[in-house]
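Going by our numbering, the sequence shown opens with residue 6, and the numbers climb by one from there. Scroll down for the structure; my scribbles are underneath it.
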Amino acid sequence: MTDHNSSNTAPHELGVAALAAQLRSGQASAVEVARHFLQRARAQQGLGAFLAIDEDATLAQARAQDEAIAAGRGGPLAGVPIAHKDVFVTQDFPTTAASQMLAGYRSPFDATIVANLGDAGCVTLGKLSCDEFAMGGSNENAAVAAVGLDAPQPVRNPWDTARVPGGSSGGSAAAVAAGLAPGATASDTGGSIRQPAALCGITGIKPTYGRASRYGMIAYASSLDQAGVMARTAEDCALLLSHLCGPDVERDSTSVDRPPEDFGRQLSASIEGLRIGIPREFFGEGLADDVRAAVQAALQEYEKLGAKLVDISLPRTDLAVPVYYILSPAEASSNLSRFDGVRYGHRAAHYTDLLDMYKKSRSEAFGEEVKRRIMIGTYVLSEGYYDAYYLQAQRLRRMIADDLQTAFTQCDVIAGPVSPSVAWAIGSKSDPLATYLADIYTLPASLAGLPAMSVPAGFGEGGMPVGLQLIGNHFGEARLLNLAHRLQQATDFHQRRPALA
6 MTDHNSSNTA PHELGVAALA AQLRSGQASA VEVARHFLQR ARAQQGLGAF
56 LAIDEDATLA QARAQDEAIA AGRGGPLAGV PIAHKDVFVT QDFPTTAASQ
106 MLAGYRSPFD ATIVANLGDA GCVTLGKLSC DEFAMGGSNE NAAVAAVGLD
156 APQPVRNPWD TARVPGGSSG GSAAAVAAGL APGATASDTG GSIRQPAALC
206 GITGIKPTYG RASRYGMIAY ASSLDQAGVM ARTAEDCALL LSHLCGPDVE
256 RDSTSVDRPP EDFGRQLSAS IEGLRIGIPR EFFGEGLADD VRAAVQAALQ
306 EYEKLGAKLV DISLPRTDLA VPVYYILSPA EASSNLSRFD GVRYGHRAAH
356 YTDLLDMYKK SRSEAFGEEV KRRIMIGTYV LSEGYYDAYY LQAQRLRRMI
406 ADDLQTAFTQ CDVIAGPVSP SVAWAIGSKS DPLATYLADI YTLPASLAGL
456 PAMSVPAGFG EGGMPVGLQL IGNHFGEARL LNLAHRLQQA TDFHQRRPAL
506 A
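This is the structure we're talking about:
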C-alpha cells in the first residue's frame, strides 16, 4: 500500500485530502503540483479527457494559492488542483459543453460551484470532455476536439482504451482514473456521475437535487441536472462536496436554502444495524453475471460490518427509462431553444432570412444525439401529444418517487448495481436505445431528486471495474459517504489503478 503521507510520493498518487495536507505543511507548492498534473495531462492526450488547458491561467491561480498559504490565509483546499466538466462556465477557460454550437465561447463569470471551490483554494487544471450538452451515456458524442487531437473523438477508458468511460461525465471519470486530476466536477441528470465513475473504477456522488447550485451550469434538463464530484475515495468526495454545495437562492430558484454541511463528519461511524435495502428489480434479467457477483460480494462486506440486508421492491423500475426519455428531452427542447444563432453561439455563414438562419445555424452546430433529443422533446410537448406523453410521464415520475419513499420505510439506504455491464467497446452500441437502457438502475434516484453515489466494488469481464450504487433519502449524503468509506476501509478496489496511471 502506498504511503500517502510520504513527501516522496508523486502528487498524482495522492488524493485530495492528502494533497491538501502536503500543501498546507509546505512539503509541496501549488505551482509544483499544478505543473505535475499539467505534464501528465499533456502526456495522456490520447485519452481525450481535456477539452481545454491553459497553463498560464492554471499557474497564475497556483501562484496565488502559494502566496495565500505563505500568508496564513489559505483555504481548506488551498492549492489542490481539480478539473471541471465543460458544462460549468468559467472565466479563465472556454466553455463549450462539447458542442460546436458554443465553440470558443468565454463566459464573463464562473459557475457558482466553480467559484465555491475556488474560494476554498482549488486550482483549475482545465475543462473536461463530456457528451455534447451532457446528452449521452458513453462520452462518444463529444463534438469538440480534445486538447492535442485534430478532430472530435470519444473519450477512452483508462482501464482499456478500446472501451468507453461512460457518460456523460466521461472526461471527468477518465481524468481521475488516469491520475490526470485528483478530483473533478461532474453533472448527473440520469446517472452521468455514477455510471462513468463505476465504469472507470472511481468514486462519484450526486447530492440531493438543489444541494449544489445550478447557476452557471449549461442546462440540459433543469428538473434533473445536478452538480457533483468524482475522486478516488469517499473521503476525498466528502471534502470536495462539502465546499461545492451551499445555498444560492438569489441566483438559482431550485437551490435549497440549507447551510453548508461537513459531509465527512461521520465517515468512520459504525454501520452496525444499518438496514440496506436490496431492490429485487435491480438483480433480474439484464444484469451481467460478473457485475452481479461483484455487487453481491460488496454487499456481503457490509454484512460483515454489521449492516442488515433487507429485501425491498421498486416495482416501477422498468418505467424509469421511458419516463426519463420523455421528460428530459422535453426539457432539453425548451432549454436549447436559446441557441438560435442570434445572441451567442454558432451562426450559419449563409442564409436568406431569420427563419433560414435559425434552421441552418442549429442544423450545422448540433450533433445527431442532441438533434434526436430536441425532436423527441418537441414532439411530446406538441398539441395533441402533451397529455398522452408528457403529463403521463410526470404522473409516473411521482409514482417512482413514491416507490422510493415506501422503500425507505423499510430500510435506511438502498444498494445495487450502477450499470448492467462493465464498460463496453467504443462503437459497439450503435443503436441509441441500447445506451438508454444502460441507465435503468441510475434513473429512479435522479427522477426522485435523491442523493446517490457509485463506489468501486470489484472487477468483472476483461478486468474492468464494477461499481456499487448507494441511494439515500433526501439530504442523506453524509450517510452514503460513511457507507462508502467503510467499504473502502475493508477493500482495496479504490486503490487499484489502470496501468497508464
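Where a beta carbon is used, it is the ideal one built from N, C-alpha and C, also for glycine. Here the structure is a predicted model, which means the values were calculated and not measured.
Sub-8 Å separation of residue i and residue j beta-carbons
i	j	result
residue 193	residue 231	yes
residue 110	residue 117	no
residue 35	residue 57	no
residue 292	residue 240	no
residue 385	residue 476	no
residue 235	residue 93	no
residue 197	residue 191	yes
residue 306	residue 156	no
residue 429	residue 169	yes
residue 201	residue 246	no
residue 88	residue 179	no
residue 351	residue 140	no
residue 300	residue 442	no
residue 276	residue 412	no
residue 15	residue 85	no
residue 46	residue 130	yes
residue 133	residue 54	yes
DSSP state of residue i mapped onto helix, strand, coil
i	result
residue 160	coil
residue 27	helix
residue 376	helix
residue 222	strand
residue 198	coil
residue 117	helix
residue 362	helix
residue 327	helix
residue 190	strand
residue 458	strand
residue 234	strand
residue 57	strand
residue 6	Its pLDDT being 33, under 50, residue 6 is placed unreliably by the model, and nothing is read from it.
residue 473	strand
residue 357	coil
residue 208	strand
residue 480	coil
residue 42	helix
Nearest candidate by alpha-carbon position, reference residue i, set the options
i	options	result
residue 43	263, 31, 61, 29	61
residue 217	54, 50, 262, 335	262
residue 82	91, 71, 92, 277	71
residue 502	461, 474, 491, 489	461
residue 498	182, 346, 351, 421	182
residue 121	137, 249, 493	249
residue 97	106, 112, 91	112
residue 415	69, 319, 345, 296	319
residue 321	450, 436, 247, 474	450
residue 127	63, 33, 31	63
residue 491	303, 453, 115	303
residue 513	52, 138, 465	The requested residue 513 is not part of the displayed model; the chain covers only 6 to 506.
residue 481	454, 493, 504	454
residue 446	433, 463, 434, 472	472
residue 256	219, 174, 102, 26	219
Presumed contact (8 Å Cβ cut-off) between residue i and residue j, rounded CB distance
i	j	result
residue 142	residue 440	5 Å
residue 337	residue 378	5 Å
residue 151	residue 487	The pair is not a contact, with the Cβ atoms about 36 Å apart (cut-off 8 Å).
residue 269	residue 243	4 Å
residue 210	residue 404	At roughly 26 Å, the Cβ-Cβ gap does not stay under 8 Å, so residue 210 and residue 404 are not in contact.
residue 467	residue 427	7 Å
residue 224	residue 340	4 Å
residue 281	residue 315	7 Å
residue 229	residue 333	6 Å
residue 470	residue 204	7 Å
residue 397	residue 238	Not really, about 42 Å apart at Cβ, beyond 8 Å.
*Start-end ranges of the beta strand (DSSP E) lying completely within the region 68 to 95, minimum 3 residues*: 86 to 90
*Along the chain, which unbroken stretches of the beta strand (DSSP E) at least 3 residues long are found entirely within the region 121 to 186?*
128 to 133
*3-residue-minimum beta strand (DSSP E) runs that sit fully inside the region 243 to 287, ordered along the chain*: 280 to 284
*Note down, one range per segment and in chain order, each beta strand (DSSP E) of at least 3 residues found wholly within the region 380 to 430.*
418 to 422
*Entirely enclosed beta strand (DSSP E) segments - the region 288 to 342, minimum 3 residues*: 313 to 317
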